[in-house]
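Participant: Numbering (my numbering), first residue to last: 1 to 932. Provided herewith is a single structure, encoded as structure tokens, for subsequent inquiry.
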Amino acid sequence: MAFGKGHHLHLIDGSAFIFRAYHALPPLTRKSDGLPVGAVSGFVNMLWKTVEDNRGPDAPTHAAVVFDKGSHTFRNDLYDQYKANREAMPEDLRPQIPLTRDATRAFNIACLEQEGFEADDIIATLACRARDAGARVTIVSSDKDLMQLVGDGVDMFDAMKNLRIDSDGVVAKFGVTPDKVVDVQALAGDSVDNVPGAPGIGVKTAALLINEYGSLEDLLERADEIKQPKRRQTLIDNADQIMLSKKLVTLDCDMDLDYALDSLEVKEPIADELLGFLTEMEFRTVTRRIAEALNVEVPVIPEEESSATSPSDPPEAIPFDATGYTKVNDIKALEEWIARAHARGYVAVDTETTALNEMTAELVGISMCIEPGQACYIPLTHKASAADDLFGSNELADDQLDLEDVLALLRPMLEDPSVLKIGQNMKYDAKIFARYGVSVAPIDDTMLMSYAMHAGLHNHGMDLLSERYLGHHPIEIKSLLGSGKAQITFDRVAVDDAVKYAAEDADITLRLWQAFKPELHKKHVTTVYETLERPLVGVLADMEMTGIKVDREVLSKMSNAFAQKMAQLEDEIHALAGHSFNVGSPAQVGEILFETMGLSGGKKGKNGKYSTPADVLEDLATEHELPGRVLDWRQIQKLKSTYTDALQDHINTDTGRVHTSYSIAGASTGRLASTDPNLQNIPVRSEEGRRIREAFIATPGHTLVSLDYSQIELRILAHIAGIDALKEAFLEGQDIHAATASEMFNVPLDEMTADVRRQAKAINFGVIYGISGFGLARNLRIPRDEAQGFIDRYFERFPGIRAYMDNTVTFAKEHGYVQTLFGRKINTPEINNRGPHAGFAKRAAINAPIQGTAADVIRRAMIRMPDAIAKLPAKMLLQVHDELLFEVEESAADDLIAVAKDVMEGASMPAVDLTVPLTVDAGKGANWAKAH
DNA sequence: CCTGTCACG
DNA sequence: GACGTACGTGACAGGG
Numbered sequence: 001m002a003f004g005k006g007h008h009l010h011l012i013d014g015s016a017f018i019f020r021a022y023h024a025l026p027p028l029t030r031k032s033d034g035l036p037v038g039a040v041s042g043f044v045n046m047l048w049k050t051v052e053d054n055r056g057p058d059a060p061t062h063a064a065v066v067f068d069k070g071s072h073t074f075r076n077d078l079y080d081q082y083k084a085n086r087e088a089m090p091e092d093l094r095p096q097i098p099l100t101r102d103a104t105r106a107f108n109i110a111c112l113e114q115e116g117f118e119a120d121d122i123i124a125t126l127a128c129r130a131r132d133a134g135a136r137v138t139i140v141s142s143d144k145d146l147m148q149l150v151g152d153g154v155d156m157f158d159a160m161k162n163l164r165i166d167s168d169g170v171v172a173k174f175g176v177t178p179d180k181v182v183d184v185q186a187l188a189g190d191s192v193d194n195v196p197g198a199p200g201i202g203v204k205t206a207a208l209l210i211n212e213y214g215s216l217e218d219l220l221e222r223a224d225e226i227k228q229p230k231r232r233q234t235l236i237d238n239a240d241q242i243m244l245s246k247k248l249v250t251l252d253c254d255m256d257l258d259y260a261l262d263s264l265e266v267k268e269p270i271a272d273e274l275l276g277f278l279t280e281m282e283f284r285t286v287t288r289r290i291a292e293a294l295n296v297e298v299p300v301i302p303e304e305e306s307s308a309t310s311p312s313d314p315p316e317a318i319p320f321d322a323t324g325y326t327k328v329n330d331i332k333a334l335e336e337w338i339a340r341a342h343a344r345g346y347v348a349v350d351t352e353t354t355a356l357n358e359m360t361a362e363l364v365g366i367s368m369c370i371e372p373g374q375a376c377y378i379p380l381t382h383k384a385s386a387a388d389d390l391f392g393s394n395e396l397a398d399d400q401l402d403l404e405d406v407l408a409l410l411r412p413m414l415e416d417p418s419v420l421k422i423g424q425n426m427k428y429d430a431k432i433f434a435r436y437g438v439s440v441a442p443i444d445d446t447m448l449m450s451y452a453m454h455a456g457l458h459n460h461g462m463d464l465l466s467e468r469y470l471g472h473h474p475i476e477i478k479s480l481l482g483s484g485k486a487q488i489t490f491d492r493v494a495v496d497d498a499v500k501y502a503a504e505d506a507d508i509t510l511r512l513w514q515a516f517k518p519e520l521h522k523k524h525v526t527t528v529y530e531t532l533e534r535p536l537v538g539v540l541a542d543m544e545m546t547g548i549k550v551d552r553e554v555l556s557k558m559s560n561a562f563a564q565k566m567a568q569l570e571d572e573i574h575a576l577a578g579h580s581f582n583v584g585s586p587a588q589v590g591e592i593l594f595e596t597m598g599l600s601g602g603k604k605g606k607n608g609k610y611s612t613p614a615d616v617l618e619d620l621a622t623e624h625e626l627p628g629r630v631l632d633w634r635q636i637q638k639l640k641s642t643y644t645d646a647l648q649d650h651i652n653t654d655t656g657r658v659h660t661s662y663s664i665a666g667a668s669t670g671r672l673a674s675t676d677p678n679l680q681n682i683p684v685r686s687e688e689g690r691r692i693r694e695a696f697i698a699t700p701g702h703t704l705v706s707l708d709y710s711q712i713e714l715r716i717l718a719h720i721a722g723i724d725a726l727k728e729a730f731l732e733g734q735d736i737h738a739a740t741a742s743e744m745f746n747v748p749l750d751e752m753t754a755d756v757r758r759q760a761k762a763i764n765f766g767v768i769y770g771i772s773g774f775g776l777a778r779n780l781r782i783p784r785d786e787a788q789g790f791i792d793r794y795f796e797r798f799p800g801i802r803a804y805m806d807n808t809v810t811f812a813k814e815h816g817y818v819q820t821l822f823g824r825k826i827n828t829p830e831i832n833n834r835g836p837h838a839g840f841a842k843r844a845a846i847n848a849p850i851q852g853t854a855a856d857v858i859r860r861a862m863i864r865m866p867d868a869i870a871k872l873p874a875k876m877l878l879q880v881h882d883e884l885l886f887e888v889e890e891s892a893a894d895d896l897i898a899v900a901k902d903v904m905e906g907a908s909m910p911a912v913d914l915t916v917p918l919t920v921d922a923g924k925g926a927n928w929a930k931a932h
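Okay, here's the thing in structure tokens:
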């Protein structure tokens with residue numbers, strides 16, 4: 001059938017893939033000869049993902065990858081400065097260019113390029129022809145230069161963001177329909193391609209003009225009608241340059257191409273050719289993945305001397321194979337495993353349970369591994385049948401050892417100081433064992449090892465680590481439990497399936513441990529792991545198991561009061577709007593405000609709906625009553641749903657307390673994160689919200705004590721950046737924000753106004769976050785230039801801050817990570833990105849050492865705390881980044897404060913002797929509101 | 001399942 | 001010259 005209606009053509013912008021891959025990935029070389037292949041590797045991954053993502057009903061019938069060829073094109077003849085400011089191609093990218101062509105052919109996808117033309121022109125010509133033939137076209141690219149082609153069945157697809165761009169998307173980007181995009185580009189110019197355009201006119205203004213005058217030609221003809229004198233003159237003076245720009249940005253839709261669209265028909269890759277190319281490149285991970293997807297044997301790539309944690313190069317070692325996994329169902333076999341663990345001195349351990357919540361989960365089985373490939377699973381409380389039906393099927397499955405017998409045998413080994421227990425997220429297993437009376441120690445944790453080495457690179461879940469560092473895709477828990485409503489608990493899993501799954505987990509854990517252990521040294525994070533990660537596991541497990549008492553009555557009364565208040569507000573809002581609607585739907589609120597009521601300032605989000613965040617509503621509140629009421633409603637709805645309602649469900653029925661879970665490896669900076677429930681974001685800033693803290697109480701005869709570091713991040717900044725003026729202010733115990741204001745604006749401290757202090761405070765915080773004029777302006781609600789003025793002044797007075805920021809970014813660019821004072825590394829893989837993401841990465845890099853050092857300090861305090869308060873009738877309950885909350889017998893409260901304060905204030909010592917004092921404020925009371 | 005919104009440090 | 005921007009988190013509701 002000839003190409004035409006019903007067909008779907010994919011045109012992939014290959015050059016964009018290459019550059020994206022090159023800049024996004026660390027340099028990577030082929031092991032055998034050092035050939036740079038990082039960009040090829042990224043290119044292959046992106047191409048494979050595109051192929052995989054495009055199976056299914058909307059699959060392309062025809063496809064091609066299109067590349068640029070040669071640097072001289074017809075545009076250079078038109079304008080010799082075209083793309084003249086392009087940097088030369090990096091040396092290590094050049095040899096990879098032909099390899100990307102080879103890769104494309106290996107995938108059996110048409111590979112198109114033509115001397116003297118840009119990829120964009122080929123794409124344009126093919127897209128136009130396909131469209132005219134009645135077919136659909138998807139251009140896989142996010143390049144704005146291609147947006148002029150959109151419409152009439154031609155879409156774009158941004159593979160990075162997984163975002164389809166249609167006419168509406170183009171309107172969102174350029175403010176005009178696709179057919180007018182070239183007009184806007186001609187006016188706005190393009191600094192990247194060195195298209196001149198009209199000086200002083202950007203996309204916004206250009207779109208405004210084109211929409212008003214209809215077309216570029218009409219605009220230039222009627223330029224004398226423009227009201228703004230500067231703009232008018234610019235257009236009149238630069239008319240020729242603008243028309244030239246239009247020629248430069250207009251894609252050639254009518255190239256001579258010596259192939260027909262039919263020839264681009266999609267063909268399945270030929271396994272031999274594709275895998276041949278991949279093995280030649282020595283891409284182990286992707287070779288395996290693609291071989292598995294194509295259902296062919298994974299080719300063996302000869303192993304050179306290799307680093308175990310290089311993602312492109314996982315160890316091939318012993319293949320994963322369930323035949324080495326055994327079920328332990330007699331005492332003798334169990335004793336043998338225990339003896340082997342003793343003999344070896346270490347054992348990987350994993351528990352299988354009925355739930356993710358360690359406080360309610362019941363033990364179902366235990367797996368162990370001592371040697372890669374050899375692992376066992378001890379089923380304990382598996383049920384006889386897969387479902388809990390009417391016929392009393394809650395009976396245990398046959399052939400399982402008795403839980404108590406097994407624990408009695410395992411306990412000496414699990415508690416033996418000479419046997420290291422290795423786990424992935426050991427806090428979970430340790431808590432489970434603790435509930436069965438076994439205190440597991442000592443431990444190693446592969447999740448935390450990965451965190452110490454790879455924070456900022458990726459998450460540290462076992463499946464991901466296995467895939468990335470062992471090249472093995474583990475059995476998914478979903479395949480055993482199912483998902484959604486039909487999900488079963490692990491005790492309903494057939495024992496034979498459980499053996500394969502659980503033994504494999506222990507096997508993976510052991511292999512990860514073997515791979516990571518030597519890497520900790522090589523990456524110089526052993527101290528971090530040993531002093532800031534590993535010792536925290538037991539401390540947090542204890543805190544979590546202790547929990548905090550929460551008064552259900554208090555919460556429930558507040559919920560009722562909130563419900564009434566919400567109903568009342570809803571009535572008022574509906575009356576103001578003139579009809580009833582869902583106040584909880586931002587989309588509907590936006591419609592009411594910006595359409596029904598015709599207020600201005602409505603912005604639409606990426607889903608095409610109005611966005612109605614608090615700051616927008618606050619601005620609108622001056623014009624109308626409704627936005628303010630919506631804000632009130634939202635605040636109460638938040639308090640009710642997230643706190644007064646949800647917290648009640650988290651009160652443990654056995655303990656009457658709430659037991660959060662802290663993730664140690666969740667936040668890249670070293671901070672903890674609290675989940676189920678999050679007790680690190682209990683309201684405090686608003687009066688109404690703060691009352692929720694009254695529900696967090698001490699048991700009778702006890703009191704809650706809260707200790708928090710005062711301005712810890714600013715102090716750390718003052719130390720790291722060496723800002724004498726700030727240090728002095730801290731040493732003298734001054735109000736730091738007032739002192740900053742005084743220094744900046746030359747106002748004596750005793751004449752300081754609250755407003756000036758507030759501005760200085762915002763700047764102080766801004767600096768920690770990697771300040772920008774825009775951000776400060778928004779925060780302080782002042783004009784941007786004014787905010788920039790503040791910042792300039794701040795840098796003038798504290799030049800060390802600027803130096804710190806610059807040095808940190810430079811360090812990150814050079815090393816790919818930044819560090820805290822205690823040696824914690826936070827990887828910064830995006831620091832060399834260009835474009836809009838660059839700013840993000842820089843600010844994150846600036847913030848990470850400060851936030852991370854503060855996180856390290858409180859970790860050190862927490863690790864020392866149990867010993868320090870051992871003789872006091874006190875327990876540490878919660879951590880909220882710079883605050884520790886304790887429960888203590890009333891009579892000992894002041895003793896506790898004295899001891900804990902010392903530990904916290906001295907936490908950096910002896911490793912780091914800060915040149916600013918750390919000070920801790922203390923409070924106590926019957927509830928958290930009073931203690932804070 | 002993703003997005004918007006908002007709670008905390 | 002314009003663009004898009006404060007850092008780090010987690011939970012909930014709406015909506016396709």
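Cβ coordinates follow ideal geometry from the N, Cα and C atoms, glycine included. The structure displayed is predicted, hence computed values, not measured ones.
Grouping DSSP H, G and I as helix and E and B as strand, with all else coil, what is I847?
Facilitator: In the sequence under discussion, the amino acid at residue 847 is Asn, which differs from the Ile named in the question. The answer is helix: DSSP assigns N847 an H, G or I state.
Participant: Could you check how far apart the C-beta atoms of I18 and A64 are, in whole angstroms? I think they sit under 8 Å.
Facilitator: Their Cβ separation, rounded to whole angstroms, is 15 Å, which puts I18 and A64 out of contact at 8 Å.
Participant: Can E282 and I301 be called in contact, C-beta distance under 8 Å?
Facilitator: Closer than 8 Å, so yes.
Participant: Counting along the chain, where does the alpha helix (DSSP H) carrying R435 start and finish?
Facilitator: From DSSP, the alpha helix (DSSP H) with R435 extends over 426-435.
Participant: Starting from K901 and walking both ways along the alpha helix (DSSP H), at which residues does that stretch end?
Facilitator: Where K901 is concerned, the enclosing alpha helix (DSSP H) stretches over 893-905.
Participant: Name the residue from S141, D179, K173 whose alpha carbon lies nearest to the alpha carbon of D152.
Facilitator: If we check each option's Cα against that of D152, D179 comes out closest.
Participant: Report the start-end ranges of each beta strand (DSSP E) in the stretch 98-179 that is 3 residues or longer and not cut off at the edges.
Facilitator: As far as the stretch 98-179 is concerned, its whole beta strand (DSSP E) runs of at least 3 residues are 110-112, 136-140, 154-158, 163-165.
Participant: Considering only the beta carbon of each residue, do A434 and P417 sit closer than 8 Å?
Facilitator: Taking 8 Å as the Cβ cut-off, A434 and P417 do not qualify as a contacting pair.
Participant: For E118, I'd like the list of residues in its chain whose CB is within less than 7 Å of its CB, leaving aside the five on either flank, ordered along the chain.
Facilitator: Hits under 7 Å: D68, T73.
Participant: Per DSSP, S742 is paired with what?
Facilitator: DSSP output for S742 lists no bridge partner at all.
Participant: If I'm right that Q96 touches P36 with Cβ under 8 Å, what's the distance once you round it to whole angstroms?
Facilitator: That pair is a contact at about 6 Å.
Participant: Using DSSP's beta-bridge definition, name the partner residues of P36.
Facilitator: In the DSSP output, where bridge partners are listed per residue, P36 has T29.
Participant: Cα separation between P535 and L448?
Facilitator: Roughly 11 Å between the two C-alpha positions.
Participant: What are the start and end residues of each continuous alpha helix (DSSP H) run of 4 or more residues lying completely inside the stretch 648-676, in chain order?
Facilitator: Counting whole runs of 4 or more residues, the stretch 648-676 contains no alpha helix (DSSP H) stretch at all.
Participant: So, is V296 buried or exposed, given that buried needs 16 or more other C-beta atoms within 10 angstroms?
Facilitator: Exposed.
Participant: Could you check whether L599 and E623 sit closer than 8 Å to each other, using their CB atoms as the reference points?
Facilitator: Contact flag set, yes.
Participant: Identify every residue that forms a DSSP beta bridge with K603.
Facilitator: Paired residue(s): S611.
Participant: Would you tell me roughly how many angstroms separate the C-alpha atoms of A935 and S580, rounded to the nearest one?
Facilitator: Residue 935 lies beyond the range of the chain shown here (1 to 932); nothing can be said about it.
Participant: With DSSP as the reference, label N963 as helix, strand or coil.
Facilitator: Absent from the model: residue 963. The displayed extent of the chain is 1 to 932, so no value can be given.
Participant: If I measure Cβ to Cβ from V406 and keep anything under 8 Å in the same chain, skipping five residues before and after, which residues do I get?
Facilitator: The answer, listed in chain order, is L334, I366, I378, L380.
Participant: Here's a check: name, in chain order, each residue in its chain whose Cβ is nearer than 8 Å to the Cβ of L420, leaving out the five neighbours to either side.
Facilitator: Correct list, in chain order: G345, Y346, V347, P442, I443, D444.
Participant: Helix, strand or coil: which one does DSSP assign to S710?
Facilitator: Three-state DSSP puts S710 in coil, outside helix and strand.
Participant: Beta-carbon within less than 7 Å of Q487's beta-carbon, same chain only, minus the 5 sequence neighbours each way: which residues are those?
Facilitator: Once the five neighbours on either side are set aside, the close Cβ partners of Q487 are L481.
Participant: For the beta strand (DSSP E) containing Y325, name the first residue and the last one.
Facilitator: Here the beta strand (DSSP E) through Y325 covers 325-327.
Participant: Could you check if P314 is buried or exposed, using at least 16 other CB atoms within 10 Å of its CB as the buried criterion?
Facilitator: Low per-residue confidence applies at P314: pLDDT is 47, beneath 50, and the placement is therefore not dependable enough to give any value.
Participant: Is it true that the CB of A506 sits closer than 8 Å to the CB of C933?
Facilitator: Residue 933 cannot be examined here, being either before or after the span of the chain that is shown, 1 to 932.
Participant: Ignore the nearest five residues each way along the sequence and tell me which others in N832's own chain have a CB closer than 7 Å to its CB.
Facilitator: Contacts found: H23, K813.
Participant: Based on the DSSP secondary-structure assignment, which residues constitute the bridge partners of G423?
Facilitator: Beta-bridge pairing links G423 to D445.
Participant: Answer with buried or exposed for D183, where buried requires no fewer than 16 other C-beta atoms within 10 angstroms of its C-beta.
Facilitator: That one is buried.
Participant: Please state if the CB of V912 and the CB of L872 are separated by a distance shorter than 8 Å.
Facilitator: No. Outside cutoff.
Participant: Under 8 Å, do R802 and F795 count as touching if we go by C-beta distance?
Facilitator: Cβ distance < 8 Å, so R802 and F795 count as in contact.
Participant: Pull up the CB-CB distance for I165 and F157, whole angstroms please, since I reckon it's below 8 Å.
Facilitator: I165 to F157, Cβ: 7 Å. Contact.
Participant: Would you mind stating whether D429 and T351 have Cβ atoms separated by less than 8 Å?
Facilitator: Closer than 8 Å, so yes.
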